[in-house]
Amino acid sequence: MANEARVKDLEELKVYTLTEIEPILGVTHRTLLTYIKDGRLRGVKIGGKWKVSGENLRKFINGEG
Numbered sequence: 001m002a003n004e005a006r007v008k009d010l011e012e013l014k015v016y017t018l019t020e021i022e023p024i025l026g027v028t029h030r031t032l033l034t035y036i037k038d039g040r041l042r043g044v045k046i047g048g049k050w051k052v053s054g055e056n057l058r059k060f061i062n063g064e065g
């Protein structure tokens, strides 16, 4: 059980690009940008590219805002 918790923690620390998230959510790049702009999906711009943490992606998927 402890190992499962560690794996989950590591997954939440992973950072995803919008290109990686598109097939997960089945939406376009433009839609993801809209979600970020509207505050529905939390992301940060790093080196000119948007990134989303695993934790924020999980919260979005689970409707935890």
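At position 26 of the sequence shown (counting the first as 1) the number is 26 in the UniProt record's numbering, and the numbers step up by one without a gap. A virtual CB, placed ideally from N, CA and C, is assigned to each residue, including glycine. In this text the structure is predicted, and so the values were computed from the model without any measurement.
Based on Cα-Cα distance, which residue from Val27, Leu25 and Ile36 lies nearest to lysine 51?
Indexing the sequence shown from 1 puts residue 51 at position 51. With distances taken between Cα atoms, lysine 51 lies closest to Ile36.
Quick check: glutamate 22 and leucine 32, are their CB atoms within less than 8 Å of each other?
For this step, residue 22 is matched to residue 22 along the sequence shown. For this step, residue 32 is matched to residue 32 along the sequence shown. Yes, they are a contact pair.
Express the C-alpha separation of phenylalanine 60 and isoleucine 24 in angstroms, rounding to a whole number.
For the purposes of this step, residue 24 is taken as the residue at position 24 of the sequence shown. For the purposes of this step, residue 60 is taken as the residue at position 60 of the sequence shown. Using only the alpha carbons, I get a separation of about 12 Å.
Does the Cβ of leucine 57 have 16 or more other Cβ atoms within 10 Å, making it buried, or fewer, making it exposed?
Against the sequence shown, residue 57 aligns to sequence position 57. Buried.
Give the DSSP bridge partners of threonine 17, in chain order.
Your numbering for residue 17 matches position 17 in the sequence shown. Threonine 17 is bridged to Lys51.
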